[in-house]
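Below is one structure, written out as structure tokens; the observations come after it.
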């Protein structure tokens, strides 16, 4: 009898490992495809608009805002209102739309660029909230944490793979032609889209004020603010800051991102291999790195110290996003998780629309030194708010 029980336990563990492996493979392919293609589009579109169609700087800004704005509308007002079966159809349809937009960008004109960008933003709005929800659906808690970390690793990997591939391709392709190789990558994402898991619940909660009051969502929004406020500024102004401060070339300054994202990916990989059970200490540690780095950023003496500091900043970039995702998974039920993740992604879109503009305005009047210090102050205040919430929702962090 005992041997039968042991055999059943072994089979159960084996099935769990196979399920985790299968889920991880689907998640990795879907995440890398979606994030790599999306990152290529939002970074290449301004160059296409400016150098192929002679758009002015204001028009370039608006065409970028069209994509982010379309994504924001979907993640805030559309995706949260749909139940799982309908959302799954929208997800697969969006996965099919992305390859079409890649082709349309290749044949685009100054007029067609606008509706194509709207379509691209709408499709993206259905992809990311549902992929992250899929990563959090495993019933076993540790498996759930591991899959969320694997999802985060995939995002980091795409930020290394995509830009590296694009940098190489642009040595012999034009800004229009670059969309064709990424068409192939988007087709791979389409291929796995029917395999991405969606919640199987009788009554799934759709959008509303109740979701915005969810403690898991509130806590995750506070935690992601600690890092994404400075990160939104860093991605937009890091290269400019390095060029002006250390008198290096723009390519040398941009190369710092490679080490930054490599550090981030290593952190997330470590979290995937050994998931955190307690989240509060790692979150506060990451916040402390962020705050300290922002206050000292403008006082560093050389470019080499700057490179080292950016590698250190990659650690909280790698840890805070998955921790925030885990807080949502711990604080929500499967039937309300899609809504929470949609609002979470929408909030991140808002930060990336507002912060670069605000930081650019501040840097003109205060300079980079005081502007980065101000971001450090915001991170400090947000961390203090997180400490206050920890007392109320300790079970979210220590489960």
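Residue numbers (this note's numbering): 221 to 619. Here a beta-carbon is modelled for each residue, glycine too, at the ideal position from N, C-alpha and C. These numbers come from a predicted model, not from an experiment.
Quick check on residue i: does DSSP put it in helix, strand or coil?
i, result
"residue 531", "helix"
"residue 405", "helix"
"residue 397", "coil"
"residue 289", "helix"
"residue 553", "coil"
"residue 239", "helix"
"residue 297", "helix"
"residue 221", "Residue placement at residue 221 is poorly supported in this model, since its pLDDT is 47, which falls under 50; the coordinates still yield a value, given next. The answer is coil: DSSP assigns residue 221 none of H, G, I, E or B."
"residue 418", "coil"
"residue 276", "coil"
"residue 475", "coil"
"residue 498", "coil"
"residue 451", "helix"
"residue 266", "helix"
Here's a check: name, in chain order, each residue in its chain whose Cβ is nearer than 6 Å to the Cβ of residue i, leaving out the five neighbours to either side.
i, result
"residue 273", "330"
"residue 473", "459, 462, 463"
"residue 354", "416, 417"
"residue 327", "none"
"residue 497", "none"
"residue 255", "375, 378"
"residue 558", "353"
"residue 565", "295, 348, 349"
"residue 386", "260"
"residue 527", "476"
"residue 280", "266, 269, 270"
"residue 482", "none"
"residue 506", "536, 539, 540"
What's the call for residue i, buried or exposed, on a 16-neighbour Cβ count within 10 Å?
i, result
"residue 234", "exposed"
"residue 397", "exposed"
"residue 537", "buried"
"residue 245", "exposed"
"residue 606", "buried"
"residue 549", "buried"
"residue 517", "buried"
"residue 313", "exposed"
"residue 501", "exposed"
"residue 604", "exposed"
"residue 574", "exposed"
"residue 597", "exposed"
"residue 524", "exposed"
"residue 278", "exposed"
"residue 237", "exposed"
"residue 341", "buried"
"residue 362", "exposed"
"residue 325", "buried"
"residue 469", "exposed"
"residue 579", "buried"
"residue 384", "exposed"
"residue 584", "exposed"
"residue 623", "Because the chain is modelled from 221 through 619, residue 623 falls outside the range shown and cannot be assessed."
"residue 305", "exposed"
"residue 601", "exposed"
Please go through the same chain and pick out, in chain order, the residues whose beta-carbon is closer than 7 Å to the beta-carbon of residue i, but skip the five residues on each side of it.
i, result
"residue 546", "365, 368, 499"
"residue 569", "288, 291, 292, 295"
"residue 252", "374, 377, 378, 381"
"residue 576", "452, 453, 456"
"residue 309", "none"
"residue 316", "410"
Is any beta-carbon of chain B found at less than 7 Å from that of residue i?
i, result
"residue 288", "Absent here is chain B; the protein component of the structure consists of one chain."
Which whole-angstrom value describes the C-beta separation of residue i and residue j, a residue pair presumed to lie in contact below a C-beta threshold of 8 Å?
i, j, result
"residue 480", "residue 307", "That belief does not hold up - the Cβ atoms of residue 480 and residue 307 are roughly 34 Å apart, past 8 Å."
"residue 437", "residue 563", "6 Å"
"residue 442", "residue 609", "6 Å"
"residue 410", "residue 495", "Their Cβ separation, rounded to whole angstroms, is 30 Å, which puts residue 410 and residue 495 out of contact at 8 Å."
"residue 311", "residue 346", "5 Å"
"residue 595", "residue 450", "4 Å"
"residue 488", "residue 542", "6 Å"
"residue 389", "residue 401", "6 Å"
"residue 520", "residue 529", "6 Å"
By Cβ distance below 8 Å, which residues in the same chain neighbour residue i in space, the five residues on each side in sequence not counted?
i, result
"residue 370", "244, 247, 248, 355, 492"
"residue 509", "532, 533, 535, 536"
"residue 284", "262, 265, 266"
"residue 336", "321, 324, 325, 328"
Using only the heavy atoms of the ligand GTP, determine whether one of them is closer than 6 Å to the beta carbon of residue i.
i, result
"residue 474", "The ligand content of the structure shown is nil, which means the ligand GTP is not present either."
### Message
In chain order, what are the residue ranges of uninterrupted alpha helix (DSSP H) at least 4 long that sit wholly in the stretch 314-381?
### Response
With a minimum length of 4 residues, the continuous alpha helix (DSSP H) runs that stay inside the stretch 314-381 are 333-355.
### Task
Output the residue ranges of the alpha helix (DSSP H) runs that lie fully inside the stretch 552-615 and measure 4 residues or longer, sorted by chain position.
Here the runs fully enclosed are 554-612.
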